[in-house]
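Trainee:
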Amino acid sequence: MNVALCVALEQVILRYWMWNTPQDMLVLCNTLLGKQGKLAAIFNTTTPGFCDQQRGGAPPERQYTNLHVSFEILRGVILCMLRALKMTGMEMTSDVMQRCNANFCWPVTINRTFSAQLVGCTVDDGSNTDTVMWEEVLALITQDVRQMQDIIYSHGLAADEQLLKIFTCDRRLLMLCYVYNMLYELKKVHPVLGSYPDLHNRIAALAHVIPSNKIVNTSASFFNKMSEYYSAVDIILIRAMETLVADQLFSTLMMCFKPCYRYHPQPAAFMYSVLYCLDKTISHTARARQFVLEICGQLEDRDGKYALLTPSFISDNHQLSLPSQFCQALVDRILQASNYPHQPPAFAYKALTGACIELLASPHAPAITARALIDLVFIRPLHQPYAFSLLFFSLLL
Numbered sequence: 002m003n004v005a006l007c008v009a010l011e012q013v014i015l016r017y018w019m020w021n022t023p024q025d026m027l028v029l030c031n032t033l034l035g036k037q038g039k040l041a042a043i044f045n046t047t048t049p050g051f052c053d054q055q056r057g058g059a060p061p062e063r064q065y066t067n068l069h070v071s072f073e074i075l076r077g078v079i080l081c082m083l084r085a086l087k088m089t090g091m092e093m094t095s096d097v098m099q100r101c102n103a104n105f106c107w108p109v110t111i112n113r114t115f116s117a118q119l120v121g122c123t124v125d126d127g128s129n130t131d132t133v134m135w136e137e138v139l140a141l142i143t144q145d146v147r148q149m150q151d152i153i154y155s156h157g158l159a160a161d162e163q164l165l166k167i168f169t170c171d172r173r174l175l176m177l178c179y180v181y182n183m184l185y186e187l188k189k190v191h192p193v194l195g196s197y198p199d200l201h202n203r204i205a206a207l208a209h210v211i212p213s214n215k216i217v218n219t220s221a222s223f224f225n226k227m228s229e230y231y232s233a234v235d236i237i238l239i240r241a242m243e244t245l246v247a248d249q250l251f252s253t254l255m256m257c258f259k260p261c262y263r264y265h266p267q268p269a270a271f272m273y274s275v276l277y278c279l280d281k282t283i284s285h286t287a288r289a290r291q292f293v294l295e296i297c298g299q300l301e302d303r304d305g306k307y308a309l310l311t312p313s314f315i316s317d318n319h320q321l322s323l324p325s326q327f328c329q330a331l332v333d334r335i336l337q338a339s340n341y342p343h344q345p346p347a348f349a350y351k352a353l354t355g356a357c358i359e360l361l362a363s364p365h366a367p368a369i370t371a372r373a374l375i376d377l378v379f380i381r382p383l384h385q386p387y388a389f390s391l392l393f394f395s396l397l398l
């Protein structure tokens, strides 16, 4: 089991869900858990069917029959879903919450994995806080929630229009100050249940420990479900790149994600899709080159070092050559893949895709490379112009 990869996956999932909008979160929960009946099993089961044995649940062979997902991920889903319900003005009945609390138990693996710092946490009952100040703040927040509900049910506004109308600049500042005081000054996690002075220990444990279910995977079952794994990994990675994380975190993510692409069925198509879809944020940057080189480095044993990328891109990122020169090199590479005397080169089946990836990951602006390609097309005498046309029109598409 690749622990570093699991850490990166779960942290990306949890952090992205924290940043997700309430409407998208409700759709995600319905798609992720609703279709498989797992959300209904959590809320509608009268007995704790997948709790651990110490908490009075099912026998060991049936502990995880209904739920094959990390409990920390499940906890993040439930918390984010409840947060989305509150922010959109929706309410849940008390019996549903009781069933959720009764069925949501931590397994034995989590009790064994968590560090000793989480045992015996001191709890502040809130006696030293200024209750009058917090009552005024909570009264303002309650007023905002009621006003939001009135607008939702009375005027029937769209989802994105609700939040824009309610959270004005002054109210947004008030909410930010309230959250800042709770988390960093009072170390308060919940405004009713209490606060935790050792919050930094909990955050450190969340960042370094992965509580998860019992994992039993054979090589046969892994390869049978490879199509499901790779689609999930691709989506998680591209959503992590959309958030524009810090450079240090991006390097850690790429270091943990790149082993997944050693046996990826279509790595070149995935890289081209990411660079094409994130053209305004990722393409033509140093991060784009790092993304391409990290994934292509996993393909050297399978396809060879220069099966997808040219030596000029790997060595100096085309910075030592003019745009017309590296465009000519890409066109010559496509011609070599199309016309060969006896045996096709190793890059024959992916020369066009590799050229598009290099153009999107290179530091040269699209207008400069497009001008260089046009100039190459009209060079006389014209030898096999279809290669220029393929490369040029593929970029336009």
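So the sequence shown is residues 2 to 398, counted in the working numbering.
We put the beta carbon where it would ideally sit given N, CA and C, even for glycine.
(1) According to DSSP, is Asp-280 helix, strand or coil?
(2) Suppose the cutoff is 8 Å on Cβ atoms and the five residues either side in sequence are ignored; what does the same chain contact list for Tyr-273 look like?
(3) Going by other Cβ atoms of all chains shown within 10 Å of its Cβ, with 16 needed for buried, is Met-256 buried or exposed?
(4) Tell me which same chain residues have a C-beta within less than 6 Å of the C-beta of Phe-258, skipping the five on either side of it?
(5) Can you give the Cα-Cα distance for Lys-281 and Pro-346, rounded to whole angstroms?
(6) Give every residue of the same chain whose Cβ lies closer than 7 Å to the Cβ of Leu-276, excluding the five residues on either side of it in the sequence, and list them in chain order.
(7) Does the separation of the CB atoms of Ser-313 and Phe-327 fall below 8 Å?
(8) Under 8 Å Cβ to Cβ from Phe-379, same chain only, skipping five residues before and after it: list those, please.
(9) Count the other CB atoms, across all protein chains shown, that sit within 10 Å of the CB of Arg-173; report buried if there are 16 or more and exposed otherwise.
(10) Beta-carbon separation of Leu-300 and Pro-260 under 8 Å?
(11) Can you tell which of Val-332, Gln-337, Thr-244 has its C-alpha closest to the C-alpha of Thr-459?
(12) What is the C-beta distance between Ser-1 and Asp-376, in whole angstroms, given that I count them as a contact (C-beta under 8 Å)?
(13) If we call anything under 8 Å between Cβ atoms a contact, is Leu-309 one with Phe-348?
(14) So the alpha helix (DSSP H) Leu-360 belongs to, where does it begin and stop?
(15) How close, in whole Å, do the beta carbons of Ala-330 and Thr-311 come, if the pair is a contact with beta carbons under 8 Å?
(16) Scan the stretch 244-280 and note each continuous alpha helix (DSSP H) run of 4 residues or more that stays entirely inside, going in chain order.
(17) Looking at the secondary structure, which residues open and close the alpha helix (DSSP H) in which Pro-367 lies?
(18) Could you check where the alpha helix (DSSP H) with Phe-348 kicks off and where it finishes?
(19) Can you grab the Cα-Cα spacing for the pair Tyr-350 / Glu-243, in whole Å?
(20) Looking at C-alpha atoms only, which residue of Ala-270, Phe-251, Thr-286, Ser-252 is the closest neighbour of Pro-364?
(21) Taking DSSP as the reference, what is the three-state secondary structure of Ser-316?
(22) Taking the alpha helix (DSSP H) that Ser-339 belongs to, which residues open and close that run?
(23) What would DSSP say about Gln-299, mapped onto helix, strand or coil?
(24) How is Gly-58 classed by DSSP in three states: helix, strand or coil?
(25) Determine the closest residue to Leu-323 out of Pro-266, Ala-373, His-265, Ser-252, with distance taken between C-alpha atoms.
(26) Among residues of its own chain, excluding the 5 on either side of Leu-279, which ones have a beta-carbon nearer than 8 Å to its beta-carbon?
(27) Quick one: is Ile-236 buried, meaning 16 or more other Cβ sit within 10 Å of its Cβ, or exposed?
(28) Might you give, ordered along the chain, the residues of its own chain that have their beta carbon closer than 8 Å to the beta carbon of Tyr-231, omitting 5 neighbours on each side?
Mentor: Reading off the structure:
(1) Counting from 1 along the sequence shown, the entry for residue 280 is found at position 279. Correct three-state label for Asp-280: coil.
(2) For the purposes of this step, residue 273 is taken as the residue at position 272 of the sequence shown. Excluding residues within five positions, the ones whose Cβ falls inside 8 Å are Thr-354, Cys-357, Ile-358, Leu-361.
(3) Residue numbering aside, residue 256 sits at position 255 when the sequence shown is read from its first letter. Answer is exposed; the Cβ neighbour count stays below 16.
(4) As a working note, residue 258 is residue 257 in the sequence shown. In its chain, beyond the 5 residues on either side, Leu-238 have a beta carbon closer than 6 Å to the beta carbon of Phe-258.
(5) Along the sequence shown, one-based indexing puts residue 281 at 280. Along the sequence shown, one-based indexing puts residue 346 at 345. Taken atom to atom, the span from the alpha-carbon of Lys-281 to that of Pro-346 is near 34 Å.
(6) Translated into positions along the sequence shown, residue 276 becomes position 275. Result list for Leu-276: Ile-283, Ser-284, Ala-289, Ile-358, Leu-361, Ala-362, in chain order.
(7) For the purposes of this step, residue 313 is taken as the residue at position 312 of the sequence shown. For the purposes of this step, residue 327 is taken as the residue at position 326 of the sequence shown. With contacts defined as CB atoms closer than 8 Å, Ser-313 and Phe-327 qualify as a contacting pair.
(8) For this step, residue 379 is matched to residue 378 along the sequence shown. Cβ neighbours of Phe-379 within its own chain (closer than 8 Å, five residues either side excluded): none.
(9) Within the sequence shown, the letter at position 172 stands for residue 173. Because Arg-173 carries a pLDDT of 44, less than 50, the predicted location of this residue cannot be relied on, and no value is offered for it.
(10) Walking along the sequence shown from the start, residue 300 turns up at place 299. Walking along the sequence shown from the start, residue 260 turns up at place 259. The answer is no: Cβ separation not under 8 Å.
(11) Nothing in the structure corresponds to residue 459, since the chain is present only between 2 and 398.
(12) Since the first and last residues shown for the chain are 2 and 398, residue 1 lies out of range.
(13) Numbered from its first residue, the sequence shown carries residue 309 at position 308. Numbered from its first residue, the sequence shown carries residue 348 at position 347. Their beta carbons are under 8 Å apart, which means Leu-309 touches Phe-348 by this criterion.
(14) The count along the sequence shown starts at 1 and reaches residue 360 at position 359. Leu-360 -> alpha helix (DSSP H) spans 352-362.
(15) Working through the sequence shown from its first residue, we reach residue 330 at position 329. Working through the sequence shown from its first residue, we reach residue 311 at position 310. Confirmed, about 6 Å.
(16) As far as the stretch 244-280 is concerned, its whole alpha helix (DSSP H) runs of at least 4 residues are 248-258, 268-278.
(17) Position 366 of the sequence shown holds residue 367. That run of the alpha helix (DSSP H) goes 367-378.
(18) Taking the first residue of the sequence shown as position 1, residue 348 is located at position 347. Looking at the DSSP string, Phe-348 is not in any alpha helix (DSSP H), and its letter there is neither H nor E.
(19) Working through the sequence shown from its first residue, we reach residue 350 at position 349. Working through the sequence shown from its first residue, we reach residue 243 at position 242. So the two alpha carbons sit approximately 30 Å from each other.
(20) Residue numbering aside, residue 364 sits at position 363 when the sequence shown is read from its first letter. Minimum Cα distance to Pro-364 is reached at Thr-286.
(21) The residue labelled residue 316 in the question sits at position 315 within the sequence shown. In this structure, Ser-316 counts as helix in the three-state DSSP scheme.
(22) On the sequence shown, residue 339 is found 338 positions in, with the first residue counted as 1. Here the alpha helix (DSSP H) through Ser-339 covers 324-339.
(23) Here residue 299 refers to the residue found at position 298 of the sequence shown. If DSSP states are grouped into helix, strand and coil, Gln-299 belongs with coil.
(24) As a working note, residue 58 is residue 57 in the sequence shown. With a pLDDT of only 44 at Gly-58, under 50, the local geometry of the prediction cannot be trusted, and no value is derived from it.
(25) In the sequence shown, counting from the first residue as 1, residue 323 sits at position 322. Out of Pro-266, Ala-373, His-265, Ser-252, Ala-373 has the C-alpha closest to the C-alpha of Leu-323.
(26) Along the sequence shown, one-based indexing puts residue 279 at 278. Once the five neighbours on either side are set aside, the close Cβ partners of Leu-279 are Ile-239, Met-242, Glu-243.
(27) For this step, residue 236 is matched to residue 235 along the sequence shown. Classification of Ile-236: exposed, given that the 10 Å Cβ count is below 16.
(28) Here residue 231 corresponds to residue number 230 of the sequence shown, with the count starting at 1. Answer for Tyr-231: Cys-261, His-265, Pro-266, listed in chain order.
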